[in-house]
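A.B. asks: Using the numbering used here, the first residue of the sequence shown is number 4, and each one after it goes up by one.
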Amino acid sequence: MALDEKELLNEKQIEEMLNQYPAKVKRSRKSHIVLNNTSLGQQMIEANTRTIPGIITNRGCAFAGCKGVVLGPLKDMVHIVHGPIGCSYYAWMTRRNKAKSEDPKQNFLSYCVSTDMQESDIVFGGEKKLARMIDEVMEIFKPNAITVSATCPVGLIGDDIQAVAKTAEEKHGIPIMAFNCEGYKGVSQSAGHHIANNGLMEHVIGKGDLEEPPAKYTINMLGEYNIGGDSWEIERVLTEIGYHVQTVMTGNGAFEDLKNAHVAELNLVQCHRSINYIADMLEKKYGTPWLKVNFIGIRSTIESLRNMALYFGDKDLIDRTEEVIAREVAEIEPALEKYKKYTNGKTAFCFVGGSRGHHYQFLYEELGVKTVLAGYEFAHRDDYEGREVLPNIKPDADSKNITDLHVEQDEKRYRVKIPQERMAELKEKIPLNDYKGMRLDMSDNTVMVDDLNHYETEEFIKILKPDIFSSGIKDKYIVQKMGILSKQLHNYDYSGPYAGFRGAVNFARDITMGLMSPTWKHIVPPWRNSPLIEGTIEEGRSCGC
Ligand code: CFM
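(1) Determine the DSSP secondary structure at I177, reduced to helix, strand or coil.
(2) Considering only C-alpha positions, which residue in the set T406, K403, I487 is nearest to R531?
(3) Return the bridge partner residues of T60 from the DSSP annotation.
(4) Does R359 come out as helix, strand or coil in the three-state DSSP assignment?
(5) Please list, in chain order, all residues of the same chain as L455 whose beta carbon is under 6 Å from its beta carbon, the five residues on each side excluded.
(6) What does DSSP give as the partner residue(s) for Y379 in the beta ladder?
(7) Any heavy atom of ligand 1 closer than 7 Å to the beta-carbon of C274?
(8) Within 7 Å: the Cβ of E236 and any heavy atom of ligand 1?
(9) Which same chain residues end up closer than 8 Å to Y387 when comparing Cβ atoms and leaving out the 5 residues on each side of it in sequence?
(10) At 4 residues or longer, and completely inside the segment 392 to 431: list those alpha helix (DSSP H) runs for me, N to C.
(11) Out of L74, T346, G211, state which residue places its alpha-carbon closest to the alpha-carbon of M252.
(12) Taking the straight line between their C-alpha atoms, what separation do you get for Q273 and N297?
(13) Could you give the residue range of the alpha helix (DSSP H) that holds K288?
(14) Check whether the Cβ atoms of D233 and P500 lie closer than 8 Å to each other.
(15) Whose C-beta lies closer than 7 Å to the C-beta of L12 among residues of the same chain, with five residues either side of it excluded?
(16) Between the alpha carbons of A267 and A218, how many angstroms are there, rounded?
(17) For V527, count neighbouring C-beta atoms within 10 Å of its own C-beta (all shown protein chains included) and say buried if the count is 16 or more, exposed if not.
(18) In the DSSP assignment, what residue or residues form a beta bridge with L294?
(19) Does the pairing of the segment 175 to 192 with the segment 62 to 69 give three or more beta-carbon distances under 8 Å?
(20) Using a Cβ-Cβ cutoff of less than 8 Å, which residues in the same chain neighbour S445 once the five nearest sequence positions on both sides are dropped?
(21) Specify the secondary structure class of T221 as computed by DSSP and reduced to three states.
(22) Roughly how many angstroms lie between the CA atoms of L408 and V372, to the nearest whole one?
(23) Nearest to E14 by alpha carbon, out of K33, P25, K27, Q23?
(24) Consult DSSP for T242 and reduce its assignment to one of helix, strand or coil.
(25) Express the C-alpha separation of A427 and L112 in angstroms, rounding to a whole number.
(26) Kindly indicate which residue of G254, R276, N310 has the alpha-carbon position closest to the one of N100.
(27) When you compare the CB positions of L225 and I179, do they come within less than 8 Å of one another, or not?
(28) For the alpha helix (DSSP H) that contains V327, what are its first and last residues?
(29) Mapping the DSSP letters down to three states, classify I299 as helix, strand or coil.
(30) Short of 8 Å in beta carbon distance, which residues of its chain neighbour N404, apart from the five on each side in sequence? Order them along the chain.
(31) Quick check: is the beta carbon of L213 nearer than 8 Å to any beta carbon in chain B?
(32) Give the straight-line distance between the Cα atoms of I464 and D478, rounded to the nearest whole angstrom.
(33) So who's on the other strand from V151, going by DSSP bridges?
(34) How many angstroms separate the CA atom of T221 from the CA atom of Y246?
(35) Please say whether L269 and L241 have beta carbons closer to each other than 8 Å?
(36) Is the beta carbon of M519 less than 8 Å from the beta carbon of Y345?
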């Protein structure tokens, strides 16, 4: 079906879908769904609130956000999970955050290290077991540092993991950090991001000896997790232009590099949702501005590279940036044109955890794919509406649960990187210390849905009939059984990288292969041939209540 023949959504259809809920649930869910309409100016969406019990959500927990997302990719640290084995197993590499190390003995990502709490530990306490586990880790692995992440039962029984970590640190002489990121600590994994950000800022960043950047144009890349090799592809281009990447937070990241993150002249922020806290704290403590970038999509990548060059303002760097852009674009264009013939005119749902629900819309657009529904599992209002709404977001009991770490200017290491006047000038041109919400990049009559659930997924699919559904493992196969291509945008379905120039070609190839697969001819879901429920309406009879 041609794109202009496809149905876009209207308010009535959303209302009918919501009518299936009890009144209170309907009210709540309605506030999490916005039909985009630019003529209305600001449109508010509710986000980062508790999922209603009984609703099947795609969200994860605070532990997943802390250990699984932010800490887990740091390769030269052993990450101990203090809790029953299941929590550890499900936070172990399924996200495909890749890493390689020059010293193979200092890459521990393939290990799943857990205290494997049993019933007796729940009854009598698990502190001794955790202390023994740390001793064992030191004996076997000798890592540069250790993290301990708590899962739900640890908080419930009151194990003091901070005290265990402190004693072990004194005993073994390496940094051992404990994170109270019990799953229930917040409404989603977003709380865990914040807890991990606080811990890294307190115990790692700034602990290194470097006082000056080791090279010209030293930068950090924040909120990039090397899923399917994304950060390797981005780093390849940055290095060719002449940047020195001090540390990536945290994909393929290392404790040894992170310690010296304070020397960077600029922090790039790819996924703002998971790491904006560190970006802000680095600016306050060391005076390093942050620049919002997006390396998903060719135009976004080009724009990000140009913005970086403008920040440094060096003619040679600007010229080299243009040279590399021209060369990379020429290299990928023929392949991209070939795939566009198949993708052009299709429609997609783009529902991912945090920032990707927005970032991938740019890549889809370049392939001629229109995003008709987008949303986030756990984002906050600013991710939808833009950073300017931050002062209007009232903290609730759940968000107050997570401490806002207060940092001070570092007397010795704080440097003004860019004079105030030039900073003001630059802010007019490039997104320094700022990001805009996804709403501004979506067209009218498309829909934003926060914390999309299973029922709504099926209903929106029936109305909008997308060609591509992009989300994660929890909903992938249900949708695929409906005869719709499902592309996981969390772990990339064992493919990637999708970032940068070459990544865009990989993505276009995978989407094309998915759309063209002969599989779809063989899928006949039951509802395509016959109604699921049959019945007759008899007049004049009631159920009697
Ligand atoms: Fe950031 Fe991420 Fe995302 Fe995220 Fe995640 Fe992920 Fe994600 Mo899955 S850090 S918010 S907590 S970009 S694991 S690499 S894909 S939900 S959209």
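Cβ atoms here follow ideal geometry from the backbone N, Cα and C, with glycine treated the same way.
C.D. replies: Well, looking at it:
(1) coil
(2) I487
(3) N456
(4) helix
(5) F354, G378
(6) V355, D453
(7) yes
(8) no
(9) V37, I48, A50, Y379, G440, M441, R442, M451, D453
(10) 400 to 403
(11) L74
(12) 6 Å
(13) 275 to 289
(14) yes
(15) L38, N448, V450, I466, L467
(16) 10 Å
(17) exposed
(18) L271, L435
(19) yes
(20) Looking at the sequence shown, residue 445 is not Ser but Met. These residues qualify, in order along the chain: N39, Q364, T374, A377, M451.
(21) strand
(22) 41 Å
(23) K33
(24) helix
(25) 42 Å
(26) G254
(27) no
(28) 318 to 346
(29) coil
(30) K188, G189, A194
(31) As a matter of chain content, chain B is missing from the structure shown, which is built from one protein chain.
(32) 12 Å
(33) I83, A181
(34) 6 Å
(35) no
(36) yes
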